[in-house]
Each structure stands twice: as C-alpha cells, then as structure tokens.
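Number of protein chains: 2
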Amino acid sequence: MVTKLADLAHQVGVSTATISRVLNGRDGVSEETRDKVLQALDAMGYERPYRLKKHSRGLIGIVVPNLEQPLFALFAQFISGALARHDLTPIICPQDAAGVSEDDYIDMLLDHHACGIIFIAGHHADQTSDPLRYQRLLSAALPIVLINGFTPAVNGYFISDDTEAGTEAALAHLISLGHRRIGLANGPVKFIPMARRHDRFVQMMTDTFGPGDYERDIETSLLTVEGGQAAATQLIDRGCTALLCGSDFMALGAIQAALRKGLSIPRDLSLIGYDDSVVMGFIQPALTTIRQSTLAMGQAAVSIMVSALSGIPSTAGQELLFRPELVVRMSTGRAPRRG
Amino acid sequence: MVTKLADLAHQVGVSTATISRVLNGRDGVSEETRDKVLQALDAMGYERPYRLKKHSRGLIGIVVPNLEQPLFALFAQFISGALARHDLTPIICPQDAAGVSEDDYIDMLLDHHACGIIFIAGHHADQTSDPLRYQRLLSAALPIVLINGFTPAVNGYFISDDTEAGTEAALAHLISLGHRRIGLANGPVKFIPMARRHDRFVQMMTDTFGPGDYERDIETSLLTVEGGQAAATQLIDRGCTALLCGSDFMALGAIQAALRKGLSIPRDLSLIGYDDSVVMGFIQPALTTIRQSTLAMGQAAVSIMVSALSGIPSTAGQELLFRPELVVRMSTGRAPRRG
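Same order as they appear, the protein sequences are chains L and U. Here the first sequence is numbered in this note's numbering, starting from 2 and rising by one per residue. Here the second sequence is numbered in this note's numbering, starting from 2 and rising by one per residue.
Dropping the structure here:
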C-alpha cells in the first residue's frame with residue numbers, strides 16, 4: 002500500500018499525509034481535496050474504505066419498454082444516475098418481447114419493497130388500458146412518476162414531452178420549405194403521445210391550408226423500422242413530398258422505403274424523425290428530428306420522486322410538459338416541383 | 002368485467018368458460034391455451050389475477066459502464082429478460098460519468114441482499130485494477146459472472162467476446178481487399194479486449210507482410226466518437242488506407258476525420274468498426290463491423306448464474322469465448338492505388 006499511497010498522492014498532487022487523513026476519515030482536509038482523492042482512488046481501480054462508502058436509502062424501479070431504442074436507454078441512464086446521486090438504488094426494468102410485462106415487474110419491485118416506481122411510456126400511455134394498477138400503487142402510498150403518458154384517473158406525478166409543440170415545430174419547418182402534401186407516419190393512436198401528434202397535425206394542416214381531408218395522409222403502424230417502412234411506402238405512393246415520423250426508428254424505415262422507390266432524400270422527399278440520439282447525426286442522410294428533453298425530464302422525475310419520498314407535497318395529478326427542440330440536419334429540403 | 006371476458010374470449014378464439022377457468026386457476030385447459038389467454042390479458046392491458054403471478058426468487062445485479070453505447074444496452078436488455086424468465090429480478094446498474102462507480106453499485110447491491118452480480122466490461126477488464134473486490138464477493142459465496150474481461154486472480158465465471166478472432170476476421174477482410182498500410186484505432190490497452198486486439202493485430206500483420214514496425218500504425222484513444230476522430234486523424238496523416246476501430250463509436254469519429262480531410266469512404270479509406278447494433282446499418286456509409294454475439298453471451302451468463310445459484314458446479318475460473326462475426330456493409334472497399 003506504500004507505493005499505492007505515493008502514486009495516489011502524486012496523481013492528486015497532495016502529500017501522502019493528506020491521503021492518509023482522507024482514507025482514515027480524519028478532519029483537516031477540504032471537501033474539494035477529499036473528493037479529488039476519492040475520485041482518483043476510484044479511477045485507479047481501488048476500493049474505497051468501507052466507512053467512506055455511501056449506503057442506499059431504498060430501491061426505485063424504472064420501468065421502460067426496452068433498452069434497444071436509444072431514447073429509452075438514455076432515460077434509464079439519466080434517471081438511474083440521478084437516483085444514485087441521491088443514494089437511492091435504481092432498478093431498471095426493461096420489458097421484453099419474450100414476455101416480462103409491466104405487471105410482472107411491478108410484482109417483483111413490490112416483492113423487494115421498492116419505495117417508488119418511475120414508469121416510462123408504460124400502460125399509462127395507453128388510453129385503452131386499465132388505470133387500476135397505478136391507483137393500487139398510490140393507495141399503497143407508493144410514489145409513482147409517470148413519463149410520456151397521462152390519465153386523469155391517476156393522481157400520480159406526470160412528466161411528458163410536449164408532443165404537440167414538437168409536432169408544430171416539425172410541421173412549421175416543412176411548411177416553410179414549401180411542402181403542402183405532408184404525410185404523418187404515426188404510431189398507434191391509443192397511445193397518448195401518438196393521439197396528440199395526430200390531432201395537432203390535423204389541426205395545424207387545417208389552420209395553414211384550410212379545411213381538407215388531412216386524415217388521408219396519416220398512416221398508423223408500429224413504431225419500428227419495419228412499421229416506418231410500411232407506412233412511408235403508402236404515403237409516398239399517395240404523393241406526399243414530406244413525411245413526419247412518430248419515432249426515429251420509423252424514420253429509418255421511411256429512408257428504406259424511399260430508397261426502394263429510387264427517391265433521393267431530401268431532393269424528392271423530406272423526412273423528420275422524433276426522439277433523437279447521438280447516432281441520428283451519423284445516419285444516411287443525417288436525420289432532421291425532434292429532440293426530447295431527456296436529461297431535463299429525467300432530472301425532474303428524480304426531483305419529484307425524492308420530494309415525494311420526503312413527504313413534501315408536490316405536483317400530483319399535474320402534467321409537466323417539457324418542450325422538445327427541432328434539430329435540423331440533412332433529411333429535409335425544399336419541396337420538389339411536381340405536376 | 003362481462004364485456005371484458007367476452008372481448009378476451011373473442012380475441013383468443015376460445016369460450017368465455019375457458020377464460021374463466023384460466024383466470025380462476027382451474028384445470029381442464031391446455032398449457033398452450035392458458036398461455037395465450039394470459040398473453041392476451043397482458044396485451045389488452047389488464048392485470049393478471051394475483052395467484053397467477055410469478056414471484057421473484059432474488060435480485061441479480063447487472064453492472065454496465067453505460068447504456069448510451071448500444072452494445073451495453075443490448076447486453077443489459079438480453080440479460081435482464083433472461084433473468085426475469087427465471088423469476089430472478091434484474092437490477093441494471095449503469096455507471097455514470099457524474100460519479101456512481103462500480104464499487105458504489107456493489108455496495109448498493111449488497112445492501113439489498115442481491116444473490117449474484119453480472120459485470121459487463123467492469124474493472125475486471127482493466128489489467129491494472131485490484132482484483133480484491135471480486136475475490137471478496139466470491140469469499141462471501143456470491144456468484145459473479147464477468148463479461149468481456151479476464152483475470153486469473155479471480156475464480157469467477159468469465160464470458161468474453163473472442164476479440165482475437167474478431168480482429169483476425171476484420172484484418173483478413175482488409176488484406177483481401179489489397180490494403181497493406183492498415184491502422185488500428187484502439188482503446189486503452191490496459192483493458193484486456195484492447196490488449197488482445199493490439200497483440201493480434203501486430204502478430205497478424207507480421208505473419209502476413211513479414212517483420213516490420215506495425216506499432217507505428219496503432220493509435221490509442223478513448224472508445225468514443227471524439228477518441229476515434231483523434232486517432233483516425235493521425236493514422237490518415239501517416240498514410241493508412243484502411244482503419245480497424247476499437248468500437249463502432251470510434252468508427253463514427255473516424256468517418257468525421259475522413260470527411261474533414263475530404264476523403265471518400267470507401268474509395269480513399271476503408272473503415273471497420275467493432276460491436277454492431279441495428280443503427281450501424283443506417284449510418285453514412287453503412288458500417289462494416291464485427292458483431293459481438295450479445296444474445297448468446299447474455300444467455301450463457303444467465304445459465305451460468307442460475308446453475309451457480311442452484312449450487313451446481315460449473316465453469317469457474319474458465320473463460321468461455323464467443324466468436325463474433327464480420328458484417329460487411331459499405332465502408333470497406335479495394336485499396337486505392339497510391340504513389
């Protein structure tokens with residue numbers, strides 16, 4: 002340990018005596034130096050002495066549809082980091098095609114005495130779903146935060162992407178580029194964000210271009226690459242020059258549909274995704290998309306959870322809406338001149 | 002509930018009497034029909050009756066560096082799904098730039114009486130790191146499975162991508178395309194997979210082209226987009242016509258470096274990534290890469306964990322190597338003719 006102490010002292014730029022003081026939990030060291038020493042210790046791969054470790058104040062579940070979609074992985078990462086900084090233990094629960102449901106995870110979390118659950122795009126986003134599961138958790142005095150969904154039947158804490166604002170920003174961008182025949186490749190409207198996107202789309206098209214059959218240019222499918230390809234194929238055939246997609250994965254599918262038809266993006270077809278993640282800047286063509294405020298939403302979810310655990314009355318029953326932003330890349334351009 | 006029962010019966014294509022029998026846990030229903038009914042119940046958003054729910058047999062930690070990199074998100078997703086199917090509760094623990102360390106998570110998991118931990122690319126992958134933390138867990142009779150790292154000092158269960166085989170496949174592809182000046186943009190060699198890639202690269206270049214200074218064309222940096230860009234810039238300046246990258250994110254950075262220099266891929270520069278995920282097929286240009294056997298590795302990790310929990314002696318101290326595969330897309334091509 003002598004060499005290690007000397008290494009550590011050298012690395013941090015303090016004396017070995019200071020290192021000793023930190024490791025033995027003695028006074029006479031500034032908070033800043035103490036943190037530096039402990040961080041260097043972590044970085045060099047040593048274990049912290051037991052007494053300097055933090056201890057968990059409880060388990061918090063984070064229920065997500067999956068981790069394959071970058072949006073859900075980012076939510077899970079931001080939220081678990083923020084929880085751990087509050088000495089809470091995050092349990093990320095990705096639902097799984099092979100059959101582990103939201104309810105299975107709720108049971109597991111209750112079995113392990115979780116003290117709160119954060120749901121991301123769960124059944125609360127599905128308007129046809131039974132709100133009873135959430136009402137039961139609340140009557141058992143378990144705080145729940147619900148992200149990207151809303152139901153007035155549940156008196157929980159709601160945090161949502163402002164899908165209407167995102168849809169407006171995307172449509173305004175396409176309209177400003179001269180597009181008139183704009184299609185919407187959306188997910189199932191039983192999900193609240195999809196219903197809001199649908200309604201805002203029809204409303205804004207009507208406001209801009211006057212009354213018309215705008216439903217005709219809406220195709221609903223799965224929020225996947227395959228779903229996007231299927232919906233986009235139909236919308237392209239119907240003569241749309243621009244497509245707004247319900248997710249970035251749908252936009253990836255729309256790109257495939259355009260390639261199949263020999264169309265060039267954005268020359269023949271403009272495309273906007275929804276969600277954004279690092280990789281969307283690297284796809285071909287770099288995708289114009291609506292970026293959800295994942296970090297801010299995750300931090301708000303954790304702040305609300307921490308307040309609720311401390312018994313501080315908060316925003317129950319309200320929905321906090323977070324404004325997304327339009328990230329313009331290479332997949333949108335001026336409307337083509339057609340017959 | 003009458004309408005619900007009828008809906009459900011209609012959906013599954015059985016009588017309401019059969020549905021009742023399933024919901025009340027009575028006999029006279031085939032396993033297959035029972036599963037169908039329960040799945041339809043889940044899909045329609047209803048809660049399963051309590052008695053039909055599974056109950057957890059314990060917590061298993063899954064410690065990953067982050068969830069931002071699709072590889073780690075996929076590992077976490079596959080492993081947690083497989084654990085849940087064994088009625089084990091997965092706790093995914095993504096380490097975090099803001100300071101939650103592997104050791105913090107170990108403490109949290111012990112505080113919550115986890116009965117096993119699966120580590121992905123943790124300190125066990127770092128040759129300079131102290132193996133004591135793992136030895137302690139083992140002496141406390143806690144089964145641990147360690148993915149993508151190896152140390153003989155720990156008698157745990159090791160599962161690794163066969164990085165040497167992946168490196169060979171990548172290099173053989175580039176050599177067959179006529180490249181001779183091949184660069185390696187690698188992560189820090191203190192990490193075992195990086196060291197193996199480094200050694201195999203030098204060995205195979207020597208075997209193919211005879212003795213030479215192949216270290217000259219190796220640049221080490223962070224396994225990120227920025228690290229890839231920095232390493233690639235240097236290797237391009239040194240005259241390499243093809244680059245093998247330590248991760249897909251490094252390859253994304255290498256693409257940026259090539260663009261900055263006005264090079265076209267693969268005409269002027271061929272590029273191979275490492276890891277693969279859905280999105281890598283959509284980037285510009287679609288990335289040739291080495292796909293880790295994430296699903297098979299995750300399933301093996303869970304099988305081993307389940308055996309260990311049942312006290313069945315298994316492969317402790319051995320390293321199971323999983324062969325990755327070369328996925329050829331658009332970022333590799335014939336070597337350019339140069340002076």
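Here a beta-carbon is modelled for each residue, glycine too, at the ideal position from N, C-alpha and C. Keep in mind it's a predicted model, so treat the numbers as computed, not measured.
Option nearest residue i by Cα separation, candidates the options
i: aspartate 108/L; options: Arg137/L, Ala317/L, Ala85/L, Ala18/L; result: Arg137/L
i: phenylalanine 159/L; options: Thr316/L, Leu24/L, Leu327/L, Pro337/L; result: Thr316/L
i: asparagine 149/U; options: Asp276/U, Arg239/U, His87/U, Ile92/U; result: Asp276/U
i: isoleucine 193/U; options: Gln128/U, Ile266/U, Ala141/U; result: Gln128/U
i: alanine 126/U; options: Thr290/U, Val65/U, Ser81/U; result: Val65/U
i: methionine 331/U; options: Leu296/U, Glu320/U, Ser265/U; result: Ser265/U
i: alanine 301/U; options: Ile80/U, Ile92/U, Glu32/U; result: Ile80/U
i: alanine 233/L; options: Arg268/L, Ser248/L, Glu216/L, Ala258/L; result: Ala258/L
i: arginine 324/L; options: Ile219/L, Thr164/L, Leu185/L, Asp249/L; result: Thr164/L
i: serine 102/U; options: Ile121/L, Pro95/L, Gly82/L, Val101/L; result: Gly82/L
i: isoleucine 121/L; options: Leu253/L, Thr295/L, Gln12/L; result: Thr295/L
i: aspartate 200/L; options: Thr225/L, Thr168/L, Phe210/L, Pro153/L; result: Thr168/L
i: methionine 205/L; options: Leu175/L, Pro132/L, Gln230/L, Val226/L; result: Leu175/L
i: aspartate 88/L; options: Leu60/L, Pro95/L, Asn67/L; result: Leu60/L
i: glycine 184/U; options: Asp214/U, Ala166/U, Gly157/U, Lys191/U; result: Asp214/U
i: leucine 111/U; options: Phe151/U, Gly62/U, Asn67/U, Ala255/U; result: Gly62/U
i: aspartate 104/L; options: Leu42/U, Ser278/U, Val190/U, Ala141/U; result: Leu42/U
i: alanine 186/U; options: Ala154/U, Arg261/U, Ala231/U; result: Ala231/U
i: serine 304/L; options: Arg86/L, Leu236/L, Asn25/L, Ser278/L; result: Arg86/L
i: asparagine 67/L; options: Phe151/U, Ala74/U, Glu69/U; result: Ala74/U
i: valine 146/U; options: Val328/U, Val329/U, Met306/U, Leu133/U; result: Met306/U
Three-state secondary structure assigned by DSSP to residue i
i: threonine 34/U; result: helix
i: glutamate 326/L; result: strand
i: arginine 292/L; result: strand
i: alanine 41/U; result: helix
i: aspartate 8/L; result: helix
i: alanine 302/L; result: helix
i: lysine 54/L; result: With a pLDDT of only 48 at lysine 54/L, under the threshold of 50, the placement of this residue in the model should not be trusted; the figure read from the coordinates follows. Note: lysine 54/L maps to coil in three-state DSSP.
i: glycine 167/L; result: helix
i: isoleucine 20/U; result: helix
i: valine 13/U; result: helix
i: proline 71/U; result: helix
i: glycine 254/U; result: helix
i: leucine 178/U; result: coil
i: alanine 173/U; result: helix
i: arginine 338/U; result: coil
i: serine 265/L; result: coil
i: serine 278/L; result: coil
i: arginine 137/L; result: helix
i: alanine 142/U; result: coil
i: serine 332/U; result: coil
i: serine 308/U; result: helix
Beta-bridge partners of residue i, as assigned by DSSP
i: isoleucine 80/L; result: Its beta-bridge partners do not exist; DSSP assigns none.
i: phenylalanine 159/U; result: Leu147/U, Glu320/U
i: isoleucine 284/L; result: Ile284/U
i: cysteine 246/U; result: Ala186/U
i: phenylalanine 120/U; result: Val64/U, Leu147/U
i: leucine 272/L; result: Leu244/L
i: aspartate 127/L; result: Phe192/L
Cβ-Cβ separation, residue j to residue i (assumed contact under 8 Å), whole Å
i: cysteine 241/U; j: leucine 272/U; result: Contact flag wrong, Cβ pair sits at about 10 Å.
i: glycine 228/U; j: methionine 195/U; result: Not really, about 12 Å apart at Cβ, beyond 8 Å.
i: glycine 299/U; j: leucine 288/U; result: In fact, because the Cβ distance is near 22 Å, the residues do not count as touching under 8 Å.
i: threonine 290/L; j: leucine 178/L; result: In fact, because the Cβ distance is near 15 Å, the residues do not count as touching under 8 Å.
i: isoleucine 93/L; j: isoleucine 93/U; result: 4 Å
i: leucine 322/L; j: serine 161/L; result: 6 Å
i: valine 203/U; j: glutamate 220/U; result: In fact, because the Cβ distance is near 14 Å, the residues do not count as touching under 8 Å.
i: leucine 270/L; j: leucine 244/L; result: 7 Å
i: aspartate 1/U; j: methionine 281/U; result: Residue 1/U cannot be examined here, being either before or after the span of chain U that is shown, 2 to 340.
i: arginine 182/L; j: aspartate 208/L; result: Contact flag wrong, Cβ pair sits at about 16 Å.
i: proline 286/U; j: glutamine 285/L; result: 7 Å
i: threonine 17/L; j: leucine 6/L; result: 5 Å
Closer than 7 Å: residue i CB and nearest the ligand MN heavy atom
i: glutamate 32/L; result: Absent from the structure shown: the ligand MN. Ligands present: none.
Go through the stretch 184 to 239 of chain L residue by residue and report every complete run of the beta strand (DSSP E) that reaches 3 residues or more, in order. Positions of the beta strand (DSSP E) runs, each at least 3 residues long and wholly inside the stretch 184 to 239 of chain L, are given as 219 to 221 in order along the chain.
Suppose only complete runs of 4+ residues qualify. What are the alpha helix (DSSP H) ranges in the stretch 85 to 118 of chain L, listed by chain order? Whole alpha helix (DSSP H) segments, 4+ residues: 103 to 112.
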